[in-house]
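Below you'll find the structure, written out as structure tokens, and then a few comments.
Residue numbers (the numbering used here), protein chains in the order written: chain A, 401 to 597; chain B, 401 to 597.
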């Protein structure tokens, strides 16, 4: 990434560059000064948008996690599909997104694994958002009579927990196993069947 | 543990002492010489039963994992209960056993977490045995008409994967959460419902 100080210094540009710097130097060494240098600006300019190194790391973590959420939200709010199909599609999209993040750029994934451990508040909010999306799909299915669930938020959480092997980064090493897709399908269909009316 | 060289030197005594030594010195430092010293015997006597340090560590890991299996086997082979009740009881007994191991003696649990990473063959055989027990319960349910499952081994594996949060030691830190029992019950009932005829 070459310095391009003529472009306006937006938070998004700072975050993109922060990701580059993290990838290059690793999470232990990357500093705000490195980010400013890569952008060709003073570190004061970066601090104007992100008041501390911690705030910058939190924001870059949030942005990375947020990338998955948009596609999942599309599935969750699709009016044409039935709830059971949406659940399957949503779980598959989540697994695909995580698998690609881990497989396409393993160094960046390892970097974010460190950042996730630092920013537990951001992670919790992200997980709550995902469980909330699941809850909306399940509530729709209950409404339409395709699903039968006594406690929707508890069921949403249970679906998320039961599929953890396919989205929790702790399991990333298993996602390249030749049997993982079959195992994912077995868990998904078990879980969706467990919710059916 | 005081030396008691008069007692016969059985593999079981060596393994018990090895566990003590591992707990005291940690897995990085514990040696066969430490084990022999604690038993009041020469290290040659220990090597007569376990030909290498690796073999001794493997055997102690196997013994530790095996402690859970007996109770679970009792549940799996109980002729009086229906398959759905047995499944719930089995999953609860597994979670209880793991939770107790982690909570009652956290240092020993941490020690075994290191050993588990070293002895992946032993761990795999242990997991295969657990999944096989689940498969027997599920097959019984299919036979009796209480469960409806197209592929029993795949379903057994799916049940095991879906409940990983409640037995995989990676999650041990979450097992003291005040909501964990409720979350366990939600996942268990979802999974058992997913197998029902």
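The C-beta atom is built at its ideal place from N, Cα and C for all residues, glycine as well.
Being a predicted model, the structure only gives us computed values, none of them experimental.
Coarse secondary structure for residue i, derived from DSSP in three states
| i | result |
| --- | --- |
| residue 409 of chain A | coil |
| residue 591 of chain A | helix |
| residue 402 of chain B | Low local confidence applies: a pLDDT of 49 at residue 402 of chain B is under 50, so the model's placement there is unreliable, and no value is given. |
Same chain only: Cβ atoms within 6 Å of residue i, ignoring 5 sequence neighbours per side
| i | result |
| --- | --- |
| residue 569 of chain B | 513 |
| residue 443 of chain A | 432, 433 and 436 |
| residue 566 of chain B | 495 and 584 |
| residue 453 of chain A | 432 |
| residue 505 of chain B | none |
| residue 523 of chain B | 516 |
| residue 489 of chain B | 475 |
| residue 550 of chain B | none |
Nearest candidate by alpha-carbon position, reference residue i, set the options
| i | options | result |
| --- | --- | --- |
| residue 543 of chain B | B:491, B:525, B:588 and B:484 | B:484 |
| residue 588 of chain B | B:563, B:596, B:504 and B:574 | B:563 |
| residue 498 of chain A | A:414, A:575 and A:482 | A:575 |
| residue 409 of chain A | A:461, A:488, A:436 and A:467 | A:436 |
| residue 427 of chain A | A:537, A:519 and A:523 | A:519 |
| residue 446 of chain B | B:425, B:531, B:412 and B:582 | B:412 |
| residue 474 of chain B | B:441, B:537 and B:416 | B:537 |
| residue 487 of chain A | A:517, A:531, A:504 and A:433 | A:531 |
| residue 545 of chain B | B:561, B:407 and B:482 | B:482 |
| residue 582 of chain B | A:430, A:417, A:479 and A:561 | A:561 |
| residue 407 of chain A | A:439, A:489 and A:480 | A:439 |
Contact under 9 Å by Cβ, residue i with residue j
| i | j | result |
| --- | --- | --- |
| residue 584 of chain B | residue 491 of chain B | yes |
| residue 521 of chain A | residue 458 of chain A | yes |
| residue 600 of chain A | residue 591 of chain B | This structure leaves residue 600 of chain A out entirely; chain A is present only between 401 and 597. |
| residue 476 of chain A | residue 534 of chain A | yes |
| residue 493 of chain B | residue 465 of chain B | no |
| residue 586 of chain B | residue 525 of chain A | no |
| residue 515 of chain A | residue 460 of chain A | yes |
| residue 415 of chain B | residue 448 of chain B | no |
Beta-carbon contacts of residue i that lie in its chain and below 7 Å, excluding the five residues immediately before and after
| i | result |
| --- | --- |
| residue 423 of chain A | 507, 508 and 511 |
| residue 455 of chain A | none |
| residue 529 of chain A | 469 |
| residue 580 of chain A | 574 |
| residue 425 of chain A | 434 |
| residue 421 of chain B | 430, 434, 435 and 438 |
| residue 478 of chain B | 486 |
| residue 480 of chain B | none |
Buried or exposed (CB count within 10 angstroms, at least 16 for buried), residue i
| i | result |
| --- | --- |
| residue 548 of chain A | exposed |
| residue 556 of chain A | buried |
| residue 540 of chain A | buried |
| residue 500 of chain B | exposed |
| residue 573 of chain A | exposed |
| residue 594 of chain B | buried |
| residue 441 of chain A | buried |
| residue 517 of chain A | exposed |
| residue 430 of chain A | buried |
| residue 554 of chain A | buried |
| residue 451 of chain A | exposed |
Sequence-distant residues of the same chain with beta carbon closer than 8 Å to residue i, five excluded per side
| i | result |
| --- | --- |
| residue 502 of chain B | 509, 569, 572 and 575 |
| residue 417 of chain A | 401, 435, 438 and 439 |
Under 7 Å by beta carbon: chain E residues contacting residue i
| i | result |
| --- | --- |
| residue 457 of chain B | Among the protein chains of the structure shown, namely A and B, there is no chain E. |
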